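In this note's numbering, the protein residues as written are 1 to 308.
Read the structure below first, then the notes.
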Ligand code: CP
Ligand code: NVA
């Protein structure tokens, strides 16, 4: 029973099949109303639990709509309103939910909650973001890159800013999809060394470049994310902004990337902080395609998990 917990835990050929299927499903329903079902209903009779211990717009809506397009049903649950938030163990919650639903997607804080859920559930579990990783996002990002520019293999991706959960999943994807990744941010906010090592072990080049202008030279893709993630204490906001200000993605910085470089951001973005509006709304930006592709990529992820 395959879970979808992290990109490096899934076979590269399965990842590739998911992206092919996502593209096919997207093309097959062009111009169709969002609420109309797909031609086939692979999730007919399936119930999917979507559990959120943190806020969400994209993950929540894209999973919910995706399940419905595939002919299944959803229930959206706030972690704080479940017994999960009041002392019942994750393991018991996983065993109970497995008696009611066919698939669990969870967004949580500590990665151990996700892993414990997967260990004790008898149905597949999907990672909808933890403090450490965000694999569904990066599947949508790769789909988006390839839609615009063809294969991402051998390309140069530059991450500007905080070495956070989204950056970690980009590092996992670098090894699996064969692209090089340059991290440009302050040393205090470097990605976990283990994630960098893992990518390097798979043969791709991971570079740390403190100077953002040097980092983006020759970039095919520039990526930014918020400077303060949901798991970061608000009391660190000022310190983080001071550390990260030099890494803002703006028109001056984008001029040093390849002329046809793409810009991505998983959203929500803070316009004028990690990225300017001119870049968000400018010719390099594919941010709303990324958001849309969450829907298509996750439909393929769910079909992989349920083998349908
Ligand atoms: N990118 C993303 O995961 O957005 P949400 O937090 O709105 O789900
Ligand atoms: N790094 C951000 C991503 C939000 C989708 C966070 O964890 O808050």
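Quick reminder that beta carbons are idealized off the backbone N, C-alpha and C, glycines included.
Since we're looking at a predicted model, the values are computed, not measured.
For residue 266, there is no enclosing beta strand (DSSP E), since its DSSP letter is neither H nor E.
Assignment of residue 96 by DSSP, reduced to helix, strand and coil, places it in the helix class. Relative to the ligand CP, residue 267 has its C-beta within less than 7 Å of a heavy atom. Listed in chain order, the alpha helix (DSSP H) elements of length 4 or more contained wholly in the stretch 200 to 282 are 212 to 216, 237 to 244, 251 to 254 and 277 to 280. Taking C-beta separations shorter than 7 Å and ignoring five residues to either side along the sequence, the partners of residue 152 in its chain run 142, 145, 146, 177 and 179, following chain order. Contact between residue 206 and residue 196 holds, since their C-beta atoms are separated by about 5 Å, short of 8 Å.
Relative to the ligand CP, residue 151 has its C-beta separated by 7 Å or more from all heavy atoms.
The beta carbon of residue 61 sits no closer than 7 Å to any heavy atom of the ligand NVA. Taking C-alpha positions only, residue 140 is separated from residue 202 by approximately 22 Å. Annotated three-state conformation of residue 78 is strand, per DSSP. Of the heavy atoms belonging to the ligand CP, none sits nearer than 7 Å to the Cβ of residue 276.
For residue 169, the distance from the CB to the nearest heavy atom of the ligand NVA is not below 7 Å.
Secondary structure at residue 141: helix, using DSSP grouped into helix, strand and coil. Look at the stretch 26 to 71 and you find these whole runs of alpha helix (DSSP H), each 4 residues long or longer: 58 to 69.
As a beta-bridge residue in DSSP terms, residue 127 pairs with 106. Between the C-alpha atoms of residue 92 and residue 214 there is a straight-line separation of about 51 Å.
Counting along the chain, residue 177 sits inside the alpha helix (DSSP H) bounded by residues 165 to 177. Bounds of the alpha helix (DSSP H) holding residue 115 are 111 to 120.
The shortest C-alpha to C-alpha distance from residue 127 to any of 119, 108 and 120 is the one to 108. With respect to residue 22, residue 97 sits apart: the two C-beta atoms are not nearer than 8 Å. Just so you know, the alpha carbons of residue 162 and residue 246 end up roughly 12 Å apart. Boundaries of the alpha helix (DSSP H) harbouring residue 295: 287 to 306, taken from the DSSP string.
In the DSSP assignment, residue 157 falls within the unbroken beta strand (DSSP E) covering 156 to 160. Excluding the 5 residues flanking it on each side, residue 282 has same chain C-beta neighbours closer than 8 Å at 251, 254 and 263, in chain order.
Setting aside the 5 residues that flank it on each side, residue 120 is surrounded in the same chain by 91, 94 and 95, each with a C-beta closer than 6 Å to its C-beta; the list follows chain order. Remark: the C-beta of residue 134 is in contact range of the ligand NVA, defined as less than 7 Å to any heavy atom.
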